[in-house]
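Trainee: Per UniProt numbering, residue 1 is the first one in the sequence shown, and the count goes up by one each step.
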Amino acid sequence: MSASTTPPAGSVPLAAAAVQKHLQPSTTSPIEVLPGSTSQAYTHIHTALLLVFYYLRFNDLVADPVPTLLDTLLPLAVLQISYAAICLPAGTGAGAATSLSKASKSAGASTGNTRRKTQQGSKSDGRGLGTRISTSLLATILSLALGTPLLTIILVFFGAPVTTHSAHTLLCAAHMALLAGIPLVHAHGVDTGAWRDVAAALMTLDEPFGGAVGVAVGAWLGAVPIPLDWDREWQKWPVTILTGAYIGYAVGKAAGGYIFRGKRIQFD
Numbered sequence: 001m002s003a004s005t006t007p008p009a010g011s012v013p014l015a016a017a018a019v020q021k022h023l024q025p026s027t028t029s030p031i032e033v034l035p036g037s038t039s040q041a042y043t044h045i046h047t048a049l050l051l052v053f054y055y056l057r058f059n060d061l062v063a064d065p066v067p068t069l070l071d072t073l074l075p076l077a078v079l080q081i082s083y084a085a086i087c088l089p090a091g092t093g094a095g096a097a098t099s100l101s102k103a104s105k106s107a108g109a110s111t112g113n114t115r116r117k118t119q120q121g122s123k124s125d126g127r128g129l130g131t132r133i134s135t136s137l138l139a140t141i142l143s144l145a146l147g148t149p150l151l152t153i154i155l156v157f158f159g160a161p162v163t164t165h166s167a168h169t170l171l172c173a174a175h176m177a178l179l180a181g182i183p184l185v186h187a188h189g190v191d192t193g194a195w196r197d198v199a200a201a202l203m204t205l206d207e208p209f210g211g212a213v214g215v216a217v218g219a220w221l222g223a224v225p226i227p228l229d230w231d232r233e234w235q236k237w238p239v240t241i242l243t244g245a246y247i248g249y250a251v252g253k254a255a256g257g258y259i260f261r262g263k264r265i266q267f268d
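#1: Could I get the ranges of all uninterrupted alpha helix (DSSP H) runs contained in the region 198 to 235, with 4 residues as the minimum, in chain order?
#2: Taking the C-alpha atoms as reference points, what is the distance between L202 and R264?
#3: Quick check on the DSSP output: the alpha helix (DSSP H) that includes Q40 runs from which residue to which?
#4: Taking only the alpha-carbon atoms, compute the straight-line gap between G256 and A145 and give it to the nearest angstrom.
#5: Please name the residue in P161, L142, T140, V198 whose C-alpha comes closest to that of I226.
#6: Drop a sphere of 10 angstroms on the beta-carbon of K253, count the other beta-carbons inside from all chains shown, and report buried for 16 or more, exposed for fewer.
#7: Where A85 and S136 are concerned, what is the direct C-alpha to C-alpha distance, given to the nearest angstrom?
#8: Look up A250 in the DSSP assignment and say whether it is helix, strand or coil.
#9: Do A63 and R132 have their beta-carbon atoms positioned less than 7 Å apart in this structure?
#10: Give me the Cα-Cα distance between Q40 and F260, rounded to the nearest whole angstrom.
#11: Leaving out the 5 sequence neighbours to the left and right, which residues in its chain are closer than 8 Å to L142 when beta-carbon positions are compared?
#12: By the 10 Å Cβ neighbour count, where 16 or more other Cβ atoms means buried, how is T163 classified, buried or exposed?
#13: Output the distance between the C-alpha atoms of P149 and L170, rounded to the nearest integer angstrom.
#14: Kindly list the residues whose CB is nearer than 6 Å to the CB of G147, restricted to its own chain and excluding five residues on each side of it in sequence; keep chain order.
#15: Taking the alpha-carbon positions, what's the Y42 to P183 distance?
#16: Do A212 and I241 have their beta-carbon atoms positioned less than 7 Å apart in this structure?
#17: Whose C-alpha, out of G193, A219, L205, G210, is nearest the C-alpha of A173?
#18: Consult DSSP for Q80 and reduce its assignment to one of helix, strand or coil.
#19: Under DSSP, the alpha helix (DSSP H) around H165 begins and ends at which residues?
#20: Using the rule of at least 16 other Cβ atoms within 10 Å of the residue's Cβ for burial, across every protein chain shown, is E233 buried or exposed?
#21: Can you tell me the Cα-Cα spacing of T243 and L70, whole angstroms?
#22: For P67, does the count of other Cβ atoms within 10 angstroms reach 16, so buried, or fall short, so exposed?
#23: Is the Cβ-Cβ distance between Y249 and L205 less than 7 Å?
#24: I'd like to check one pair, H168 with P65: are the Cβ atoms closer than 7 Å?
#25: CB Y258 to CB Y54, shorter than 7 Å?
#26: Measure the beta-carbon distance from residue 276 to L88 and round it to whole angstroms, keeping in mind my assumption that it falls under 8 Å.
#27: Cutting at 8 Å between CB atoms, please list the residues of its own chain near T47, excluding the five before and the five after it.
Here it is as structure tokens:
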């Protein structure tokens, strides 16, 4: 009986590759960082600020995880909101990219009307700062409300303590939700096609999706030191997980925005 029910070795990755192959290709265009000099510069400044912020609070995190995780939620949210509002267009994935492209073409065609050019130029710059700020605030609420419970379940599924350290796990999930969720929700909104691509890992890589992938991979790699017999204080839950998530976000954001931009994750 066991021989008939046990899948052959290597069948799981082959099955994953087969599923991805038969799924429709991504219809979501990579998200462009806004073209202004402030946006282009701040996307790099934001990454540096995020890593410095985590480094400065690392010792507090090791010494007293729960209060530190709670105290740092608001500064993290401010950093992510500022990045989304300054650097990313507020839209619904491919629809946003299309509308921005049309606005740019329309602005180029209206050569005789300076006022019209100015108005259309503001549209091409991510639909206006006020819209981007309100969208990023809404993205924060959705990321915390929906992402935190989902990531808590995933962390438990992958080995987080169930009967103890519940506050540690919940707050770790909240940090991961803010890191990965705010840029994605801000840029893609409620575009079901975009979220289908995110869930199936079909989305083309860009800064928001690359950062989210980095959070997942970094947190997974961050679990490696926990069982090792090094007897270090920082090996306790969830310090290494969160450290991996922050570093992974920074690496994934840079890789998705530049090195692998426009490419897709391949499982074969």
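All C-beta atoms, glycine included, are put in the ideal place defined by N, C-alpha and C.
Mentor: Per the coordinate set shown:
#1: Secondary structure remark: continuous alpha helix (DSSP H) runs of at least 4 residues inside the region 198 to 235, in chain order: 207 to 222.
#2: Put simply, the backbone Cα of L202 is about 6 Å away from that of R264.
#3: For Q40, the uninterrupted alpha helix (DSSP H) run begins and ends at 37 to 63, by DSSP.
#4: Linking G256 to A145 through their CA atoms gives a straight-line distance of about 26 Å.
#5: Put simply, of P161, L142, T140, V198 the residue whose alpha carbon is nearest the alpha carbon of I226 is P161.
#6: When all chains shown are included, K253 counts as buried.
#7: Roughly 6 Å separates the two Cα atoms.
#8: Helix.
#9: Cβ distance not < 7 Å, so R132 and A63 don't count as in contact.
#10: Their Cα atoms are separated by approximately 18 Å.
#11: Counting only Cβ-Cβ distances below 8 Å, and skipping sequence neighbours, we find G181, V185.
#12: Flag for T163 reads exposed.
#13: The C-alpha of L170 is placed about 8 Å away from the C-alpha of P149.
#14: The beta carbon of G147 lies closer than 6 Å to those of A177, G181 in the same chain, with the five residues before and after it left out.
#15: Each residue's Cα considered, the two are about 14 Å apart.
#16: Going by beta carbons, I241 and A212 fall outside the 7 Å limit.
#17: With distances taken between CA atoms, A173 lies nearest to A219 out of G193, A219, L205, G210.
#18: Here Q80 sits in helix by DSSP.
#19: From DSSP, H165 is part of no alpha helix (DSSP H); its letter is neither H nor E.
#20: So E233 counts as exposed.
#21: Straight through space, the alpha carbons of L70 and T243 are spaced by roughly 16 Å.
#22: Exposed is the call here.
#23: No, Cβ-Cβ distance for Y249 and L205 is not below 7 Å.
#24: In this structure, the beta-carbon distance from P65 to H168 falls below 7 Å.
#25: For the pair Y258 and Y54, the CB atoms are not nearer than the 7 Å cut-off.
#26: Limits of the chain in this structure are 1 at one end and 268 at the other, which puts residue 276 out of reach.
#27: Only A250, K253, A254 meet the Cβ criterion.
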